[in-house]
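*Asks:* Can you read through this structure? Questions will come right after.
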Amino acid sequence: MSNFFTLVSIENTKLWKRLSTKVMLIIMIVIIIAATGINKYYNLSNKVSNTTKISENWKQELQKNVVMQKNQLKVLQSATDKMSKFIMGSTKKSIAENEYRINNNIKPEIQSSIWARVTKFNTEARYSFIIALLLIIACSALIAGEFSEGTMKMMISRPYKRWEILSAKLIATLLYGLVLLVTTFLLNFILIGLFDGFNGMGSKEMLWTSSKIIYIPAVLKTIIIFGLDFLTVIVYVILSFAISAISRSRSIATGFSLFLLLAGSGIMQMLAIDFNWGKYLPFATSDFTSIVNTGACIEGTTLAFSIGISAIYTVIFCAVGYLVFEKRDI
1 MSNFFTLVSI ENTKLWKRLS TKVMLIIMIV IIIAATGINK YYNLSNKVSN TTKISENWKQ
61 ELQKNVVMQK NQLKVLQSAT DKMSKFIMGS TKKSIAENEY RINNNIKPEI QSSIWARVTK
121 FNTEARYSFI IALLLIIACS ALIAGEFSEG TMKMMISRPY KRWEILSAKL IATLLYGLVL
181 LVTTFLLNFI LIGLFDGFNG MGSKEMLWTS SKIIYIPAVL KTIIIFGLDF LTVIVYVILS
241 FAISAISRSR SIATGFSLFL LLAGSGIMQM LAIDFNWGKY LPFATSDFTS IVNTGACIEG
301 TTLAFSIGIS AIYTVIFCAV GYLVFEKRDI
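Heads up: the sequence shown begins at 1 in this note's numbering, then just goes up one per residue.
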């Protein structure tokens, strides 16, 4: 086991020795700073306020909204168009949140907490998409790149099993992903806090689990959202990992993985909305955060279902990658 950890350390060192690894981290930092600054400038220019006026009769207003939304949900359930299916999940989520507030006497927040703002901006800025893109490039360089550079033969000649070499490369890539994720979280938190204040550090928020509402500390909700984002990233990284091991071509591995990242999930999601069997396709339900934030846009799916389907495909990708790498002549 100690030999394997040594191998992971070697692969991690090799990854960080690449100039592109450091450049991508710098790019991520620059994007976060620029995006936060632009967002603050936009809010100031358009006088967007972080506070919301709450009526004294908020319960009655929410009850009226619930009645309207339930009527709307009945219409949506009987409709057959794509848009109705798409917004059905968000309507269910909104009804559940409003009913939870009414039943538990939880007044809507006058001002959103630092955690809510961090989570909201992280989702809007699509930081997880950028992290996935950077990790695909890093993974392709670490696996397929070594085939192109001819250094993979040197690795195979060492006293390590092939699956250990491949596993070490995957772990090194995921560790780099964690660095990007933690950097994103901390920088996002610091900048948004400096711009708009660190209010609501100990507040609690509702979390939609696709079946019920739970009331948890806002910091825990933020960690869960970032964690779900990273799970989505892992799905695409492992796909890139498998393609790199199979193709041995850095350009093919990077190009095909980026195509699936950019267009694959959208195409699969459209099929899932149109056809019931579409929800079983890879990447159709891999956006786990959207299920929690806005509700499932694909009828019949839950967070557990989406994670389960993605886990099955991830295992398949891994198995194929390992099998080809073990059997092929290098």
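Heads up, the beta-carbon is just placed ideally off N, CA and C, and yes, glycines get one too.
Is it right to say F317 is buried, meaning 16 or more other beta carbons lie within 10 angstroms of its own, or is it exposed?
*Replies:* As a working note, residue 317 is residue 317 in the sequence shown. With 16 or more other Cβ atoms within 10 Å, it is buried.
*Asks:* Note down the Cα distance separating E11 from S290, rounded to an integer number of angstroms.
*Replies:* Counting from one through the sequence shown, the residue named residue 11 turns up at place 11. Counting from one through the sequence shown, the residue named residue 290 turns up at place 290. Spanning the two alpha carbons is a distance of roughly 34 angstroms.
*Asks:* Three or more C-beta pairs closer than 8 angstroms, one from the segment 73–90 and one from the segment 172–186: is that the case here?
*Replies:* Because the criterion of three Cβ pairs below 8 angstroms is not met, the segment 73–90 and the segment 172–186 do not touch.
*Asks:* Looking at the structure shown, is L207 part of a helix, part of a strand, or coil, going by DSSP?
*Replies:* Against the sequence shown, residue 207 aligns to sequence position 207. Here L207 sits in strand by DSSP.
*Asks:* Per DSSP, what kind of secondary structure is Y322 in: helix, strand or coil?
*Replies:* Counted from its first residue, the sequence shown places residue 322 at position 322. Of the three classes helix, strand and coil, the one that applies to Y322 here is helix, per DSSP.
*Asks:* Please say whether V292 and L303 have beta carbons closer to each other than 8 angstroms?
*Replies:* Here residue 303 is taken as the residue at index 303 of the sequence shown, counted from 1. Here residue 292 is taken as the residue at index 292 of the sequence shown, counted from 1. In this structure, V292 lies closer than 8 angstroms to L303 by Cβ.
*Asks:* Are I95 and K70 closer than 8 angstroms when you measure CB to CB?
*Replies:* On the sequence shown, residue 95 is found 95 positions in, with the first residue counted as 1. On the sequence shown, residue 70 is found 70 positions in, with the first residue counted as 1. Going by C-beta atoms, I95 is nearer than 8 angstroms to K70.
*Asks:* Let me know the secondary structure DSSP gives I298 once reduced to three states.
*Replies:* Walking along the sequence shown from the start, residue 298 turns up at place 298. It is coil, neither helix nor strand.
*Asks:* Provide the residue(s) that pair with P217 in DSSP beta bridges, ordered along the chain.
*Replies:* Taking the first residue of the sequence shown as position 1, residue 217 is located at position 217. In DSSP, P217 forms a bridge with K204.
*Asks:* Does the contact criterion of 3 or more C-beta pairs under 8 angstroms hold for the segment 205–223 versus the segment 112–120?
*Replies:* Yes, since at least three Cβ pairs between the segment 205–223 and the segment 112–120 fall closer than 8 angstroms, the two stretches touch.
*Asks:* DSSP state of L134, grouped into three classes?
*Replies:* To locate residue 134, count along the sequence shown from 1; it is residue 134. It is helical.
*Asks:* Name the two residues that bound the continuous alpha helix (DSSP H) containing R250.
*Replies:* For the purposes of this step, residue 250 is taken as the residue at position 250 of the sequence shown. R250 -> alpha helix (DSSP H) spans 250–259.
*Asks:* Using only alpha-carbon positions, find the residue among Y313, A272, K53, S210 that is nearest to Y236.
*Replies:* Position 236 of the sequence shown, counted from the start, is the residue given in the question as residue 236. With distances taken between Cα atoms, Y236 lies closest to Y313.
*Asks:* S94 by DSSP, collapsed to three states: which one?
*Replies:* If you number the sequence shown from 1, residue 94 lands on position 94. Residue state, collapsed to three classes: helix.
*Asks:* Please go through the same chain and pick out, in chain order, the residues whose beta-carbon is closer than 7 angstroms to the beta-carbon of Y322, but skip the five residues on each side of it.
*Replies:* Locating residue 322 in the sequence shown gives position 322, counting from the first residue. Around Y322: W163, L166.
*Asks:* On a Cα-Cα basis, can you pick out the residue from V23, S310, S286, Y280 that is closest to A138?
*Replies:* Start at 1 with the first residue of the sequence shown, and residue 138 comes out as number 138. Taking only the C-alpha atoms, the option nearest A138 is V23.
*Asks:* So, helix, strand or coil for L281, using DSSP?
*Replies:* As a position in the sequence shown, residue 281 is number 281, starting the count at 1. Three-state result, L281: coil.
*Asks:* Looking only at C-alpha atoms, which of I102, L228, K82, N39 sits nearest to V67?
*Replies:* Working through the sequence shown from its first residue, we reach residue 67 at position 67. Of I102, L228, K82, N39, the residue nearest in Cα terms is I102.
*Asks:* Please say whether V315 and A245 have beta carbons closer to each other than 8 angstroms?
*Replies:* Indexing the sequence shown from 1 puts residue 245 at position 245. Indexing the sequence shown from 1 puts residue 315 at position 315. For A245 and V315, no; Cβs fall outside 8 angstroms.
*Asks:* Does the distance from the C-beta atom of M88 to that of E299 stay below 8 angstroms?
*Replies:* By 1-based counting over the sequence shown, the position of residue 88 is 88. By 1-based counting over the sequence shown, the position of residue 299 is 299. Cβ distance < 8 angstroms, so M88 and E299 count as in contact.
*Asks:* Just list the alpha helix (DSSP H) runs in the segment 16–78, keeping only unbroken ones of 4 residues or longer that don't cross its boundaries, in chain order.
*Replies:* Runs of the alpha helix (DSSP H) inside the segment 16–78: 19–45, 58–78.
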